[in-house]
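S.K.: Questions regarding the structure given below will be posed in turn.
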Amino acid sequence: MTVAGMITAGATAPGAAAAETPRIDLKVLVVDNGDSPVKAVTAQLRSTGIPYTTIDLNDSGRPRITAAFLSDTVNGRPRAKYQGVVLPNEAPFGTDSAEQTALEAYERTYGIPQVDAYTWAHPGVGLDYTSEGGWAGTLDGREASVTAAGKAGSFGYLDGAFRFEDGAPAVQESYGYVARPRTGFTSYVDIPVPGGTGRGSLVGEYAHDGRRELVVTFAYNNNQQQFRLLARGIVEWLTQGVHLGQTRNSFAVHVDDVFAPDSRWDTERNCTPGDFDCAGGDGEGTAPIRMTADDAAYAAQWQREHGFTMDMVFNAGSGEEWKTEHGGTDALTTRLLADKAQYRWVNHTYTHPFLGCVQDTSSVPWSCAKNADGSTKYMSRAEIAAQIRDNHNWAVNKGLPVDRTELVTGEHSGLKTLPQQPDDNPNLAGALADTGVKWIASDNSREPEQRKVGNALTVPRHPMNVYYNVGTAAEMADEYNWVYTSRADGGSGVCEDNPTSTCLDEPLDPATGYAEHIVPQEARIALGHALAGDPRPHYAHQSNLAEDRLLYPVMEKVLADYRALFADNTPLENPRHSAIGTEVQRRAAWQTALVNNRVTAYRIGGTVTVTAPSGTQIPVTAPEGTKKQLVLGTSAFGTPYAGARSAWTTPAALQSALTLKLP
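Following my numbering, the numbering of the sequence shown begins with 869 at its first residue and continues without gaps.
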């Protein structure tokens, strides 16, 4: 069984017979030559939720581009099978070849836009040669701007200027052609001509011969910030602002271990005293790291000043233990409770125990303890449920705005922990059901995909490289050096042994290393997740809000950099744990429907029809002014974002079809 959605769309495509308005399918054709620019645009289509078909130019058995491949008739009506085309360049099949001719005729007949993912400046794409007042070379570190035409069109979500990344000065990261537009070309992104006069285009539209091309004249990949900034606009231009899928930028930060103390890194032993693998360090006499009342007051003030809410992931029992050990009072808890309404609160279990197998720490690394019959010894269902329930009940008694369905276990324990515990604690799923948990955090670095744990779903979280066991910048730089410098430079050499890691060229200065190296690097990584539309939260620890308050510079840079890059109509959203889990769940279900070819969407004149499996939430992006058709009358569709309106939506009550009307 399927449900249908209808959207009233724009005018009849150029070249189509007025008496027989064509059907245009809401799917994109991608012609892939294996280069990174096409891969990057394809990744944006997928993350947005736009269906597409890929033709691999390196596959000798690929389908040939013909009129029959691109169009046909359905019930006597002409059909264009693709609403837009992504090409590696302006003529990948060869100028005047049969395939290129068929593609151009198709675009001309149905008004289908074409993206040239990366090409050079020449009259064939509406630009002067670079020898005619332009320039070609490395763009690293150069500032580009969105033009007035770009702001008025598909790139209006950007604030204006942005800078090409220059992460490695000795390495060329982005090469491009800067050229002057010819007749028919409208520049959307340009830069001053290096060593010359005037400005030259890097992204623009070439309208000619009844066709429209978006011409990109710089190389990029999916991870580079300059592409991530422009990706939304490329897709909106390609789809003419009406498409399946949606994408919004978000940033959430979980602060684990609130109310609890965190152990401190030993700069002499290069380990954390109290940990079973810290030889000679039992933790006695070391000062743990714990927020003070002043730190809590600062956190509340910082949130107000920056318009951002942190998720306080709390261990109430650990706080009660601290209070008992320190004279029966705790100014930190008093202050946090006074400001309780200013935070989101997430259950982190009562005393932060390891909820998986019982750990045998008699050897390094630890192993799972065994029962007499040789089976793995696990924490019981009752013990896990008590940890969850006791923490939740404490929160309710204190009036905290806590959501029973949300949970973060200590160290993500209870879930499988490789290599020692290859499976979830078999008692975990039952304990989650007993306590009403629907969303349990997992570590994105270990399990990036959402999965079921009984009736609950995981919410993968990005770990931030701001360590739990440091309170000062000097401690942070010292541990960072231990992890990321070679043995010859006094480090652990872990970076040398790990093929996915890279060693520092030289150790960081303990006095400046955190501010000058770690902060910008961590902020860039977190901002990259936001720009990619990745909703997964990041996590750090309460120790990072104490002493030198290390987390704030990272968050401040993410927020400041984002707000400098984007217009006010494209805010950085800040969702809570359960909302993020729901978003990840919906995206996965939508991708499954697309992969299984269970979605059909097409436009006929002013109507777009979408069919998908019954009950499936359908993501749609459409222009401002779009209305949802009800049985009687209409209502506003979706919510505004980036100059458009978008939503996950289903048919209105008493309707088997979703109907939207564009202005």
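Using N, Cα and C, we set each Cβ at its ideal position, and we do this for glycine too.
1. Any idea if Ala886 is buried or exposed, counting beta-carbon neighbours within 10 angstroms, 16 or more meaning buried?
2. Let me check understanding here. Comparing Cα to Cα, which of Asn1265, Ala1490 and Gly1474 lies closest to Thr889?
3. Would you call Gln1497 buried or exposed, if buried means 16 or more other Cβ atoms sit within 10 Å of its Cβ?
4. Using DSSP with H/G/I as helix, E/B as strand and the rest coil, what is Trp1133?
5. Using CA atoms only, rank isn't needed, just tell me which of Gln1093, Pro1129 and Asp1311 is closest to Thr1201.
6. Tell me, which residues are paired with Met1178 by DSSP?
7. By a C-beta neighbour count over all protein chains shown, 10 Å radius and 16 as the cutoff for buried, is Ala881 buried or exposed?
8. Would you mind stating whether Val1083 and Thr977 have Cβ atoms separated by less than 8 Å?
9. Alpha carbon to alpha carbon, how far is Gln923 from Ala1490?
10. Taking only heavy atoms of the ligand FMN into account, decide whether any of them is closer than 7 Å to the Cβ of Ala1206.
11. For Gly1381, does the three-state DSSP call read helix, strand or coil?
12. Buried or exposed for Pro905, please, with buried defined as at least 16 other CB atoms from any protein chain shown within 10 angstroms of its CB.
13. Taking Glu975 as the reference, which of Glu1033, Val896 and Leu1300 has the closest Cα?
14. Which partner residues does Pro946 have in the DSSP bridge list?
15. Return the CA-CA distance between Gly1185 and Ala1206, expressed in angstroms with no decimal places.
16. Can you pull the DSSP bridge partners for Tyr1246?
17. Pick helix, strand or coil for Cys1139, following the three-state DSSP scheme.
18. Say whether the segment 1316-1331 touches the segment 1401-1410, bearing in mind that this needs 3 or more beta-carbon pairs closer than 8 Å, one atom from each stretch.
19. Report the three-state DSSP secondary structure of Pro1316 (helix, strand or coil).
20. Work out the CA separation of Val1181 and Pro1443 for me, nearest whole Å.
21. Tell me whether the beta-carbon of His1122 lies closer than 8 Å to the beta-carbon of Val1214.
22. For Gly1009, which residues from the same chain have a beta carbon less than 7 Å from its beta carbon, with the 5 sequence-adjacent residues on both sides left out?
23. For Pro946, which residues from the same chain have a beta carbon less than 6 Å from its beta carbon, with the 5 sequence-adjacent residues on both sides left out?
24. Please list, in chain order, all residues of the same chain as Thr1229 whose beta carbon is under 6 Å from its beta carbon, the five residues on each side excluded.
25. So, helix, strand or coil for Asp951, using DSSP?
26. In this structure, how does DSSP classify Tyr1335 when only helix, strand and coil are distinguished?
27. DSSP on Thr1115, reduced to helix/strand/coil?
28. Tell me, which residues are paired with Ile892 by DSSP?
29. Give me, in chain order, the residues of the same chain whose beta-carbon lies closer than 7 Å to that of Thr1285; leave out the 5 immediate sequence neighbours on both sides.
30. Look at the Cβ atom of Ala1012, then the Cβ atom of Ile1059, and state whether they are nearer than 8 Å.
31. With a CB to CB cut of under 7 Å and the five nearest residues on each side skipped, what residues in its chain are close to Trp1532?
32. Which residues in the same chain as Ala1356 place their Cβ atom closer than 8 Å to its Cβ, once the five residues preceding and following it in sequence are excluded?
33. What's the gap between the Cα of Ala1432 and the Cα of Arg1513?
34. Assuming Val1426 contacts Leu1395 under a Cβ cut-off of 8 Å, what Cβ separation, rounded to an integer in Å, is found between them?
35. How do the segment 1110-1118 and the segment 1441-1457 stand: do at least 3 beta-carbon pairs fall below 8 Å, yes or no?
36. Does Pro905 come out as helix, strand or coil in the three-state DSSP assignment?
M.R.: Looking at the coordinates:
1. Because the pLDDT of Ala886 is 47, which lies under 50, any placement of that residue in the model is unreliable, and the question is left without a value.
2. Gly1474
3. buried
4. coil
5. Pro1129
6. None; Met1178 has no bridge partner.
7. Below a pLDDT of 50, predicted positions are generally treated as unreliable, and Ala881, at 49, falls in that range; the measurement from the model is reported next regardless. With 16 or more Cβ atoms within 10 Å of its Cβ, Ala881 is classed as buried.
8. No, Cβ-Cβ distance for Val1083 and Thr977 is not below 8 Å.
9. Just to set this straight, residue 923 is Ile in the shown sequence, not Gln. One C-alpha to the other measures close to 27 Å.
10. With respect to small molecules bound, the structure shown includes none, and the ligand FMN cannot be examined in it.
11. helix
12. It counts as buried.
13. Val896
14. Partner(s): Thr941.
15. 18 Å
16. Cys1225
17. strand
18. yes
19. In the three-state scheme derived from DSSP, where H, G and I count as helix and E and B as strand, Pro1316 is classed as coil.
20. 15 Å
21. yes
22. Apart from sequence neighbours up to five positions away, the residues of its chain that approach Gly1009 with a beta-carbon distance below 7 Å are Arg1031, Phe1032 and Asp1034, ordered along the chain.
23. Pro890
24. Phe1144
25. For the record, residue 951 in the displayed sequence is Gln; it is not Asp. It is coil, neither helix nor strand.
26. The answer is coil: DSSP assigns Tyr1335 none of H, G, I, E or B.
27. coil
28. Ala948 and Arg1471
29. Gly1224
30. yes
31. Nothing can be reported for residue 1532, as the shown portion of the chain is limited to 869 through 1531.
32. none
33. 23 Å
34. Confirmed, Cβ separation roughly 5 Å.
35. Enough Cβ pairs lie closer than 8 Å, so yes.
36. helix
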